[in-house]
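If you're matching positions, the sequence shown starts at 6 in the working numbering and goes up one per residue. Cβ atoms here follow ideal geometry from the backbone N, Cα and C, with glycine treated the same way. Note sheet for the following structure.
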Amino acid sequence: MNEVVHTSPTIGSNVEEVVWNNIHFIMWDLGGQQSLRAAWSTYYCNTEFVIVVIDSTDRSRLDLSREELYKVLNNEELSSAAVLVYANKQDMKGALTAAEISKHLNLTSIKKQQWHIQACCALTGEGLYQGLEWICSQLKNK
6 MNEVVHTSPT
16 IGSNVEEVVW
26 NNIHFIMWDL
36 GGQQSLRAAW
46 STYYCNTEFV
56 IVVIDSTDRS
66 RLDLSREELY
76 KVLNNEELSS
86 AAVLVYANKQ
96 DMKGALTAAE
106 ISKHLNLTSI
116 KKQQWHIQAC
126 CALTGEGLYQ
136 GLEWICSQLK
146 NK
């Protein structure tokens, strides 16, 4: 964090350790292409948090994002994993608000897991730390 990284779609997976507030996070970035989704479940064992990044400007993919989110959350290995949804690209004109994305994803229907939606802009870092703060608060409550 604190640096601009030019990205391209993830092919397969990437892993990175992020240290923040003296907490070490091991984060897996899983490619979202349809051909890669079947392999997602191989990463679920011992997962404490699922972080979903939504492009707030891409209304056309929200239905697919909702469908895939609930497929993931229905996996038994993730039954106790908390969910953080980042509503990214809030700096862009016409971006859906976090509340609008929450409604479209029907997040209030998630009853088994704790969840939180956080407006953010990955480019500037705005909102990213607030999401990590929420994760830290969930860790303290365990």
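- By the Cβ-count criterion, Leu101 is buried, with 16 or more other Cβ atoms from all chains shown falling within 10 Å of its own Cβ.
- Less than 9 Å divides the Cβ of Ile106 from the Cβ of Ile59.
- Straight-line spacing of the CA atoms in Thr52 and Tyr75 works out to 16 Å.
- For Ile140, the enclosing alpha helix (DSSP H) stretches over residues Leu133 to Lys145.
- The alpha-carbon of Glu21 is positioned some 22 Å away from that of Ala124.
- In this model, Lys147 and Leu35 are separated by some 26 Å (Cα to Cα).
- Looking from the CA of Cys50, the closest CA among Leu110, Ala86, Lys94 and Trp25 belongs to Ala86.
- A direct Cα-to-Cα measurement between Leu67 and His109 gives close to 7 Å.
- Closest by C-alpha distance to Ala103, out of Ile122, Asp96 and Ile115, is Ile122.
- The three-state secondary structure of Tyr75, taken from DSSP, is helix.
- Counting the other CB atoms within 10 Å of its CB gives Lys98 a total below 16, which places it among the exposed residues.
- In the DSSP assignment, Ile31 falls outside any alpha helix (DSSP H) and within the unbroken beta strand (DSSP E) covering Ile28 to Leu35.
- Distances from the CA of Phe54 to each of Leu69, Asp63 and Val77 were compared; the closest alpha carbon is that of Val77.
- The alpha-carbon of Ala43 is positioned some 25 Å away from that of Lys116.
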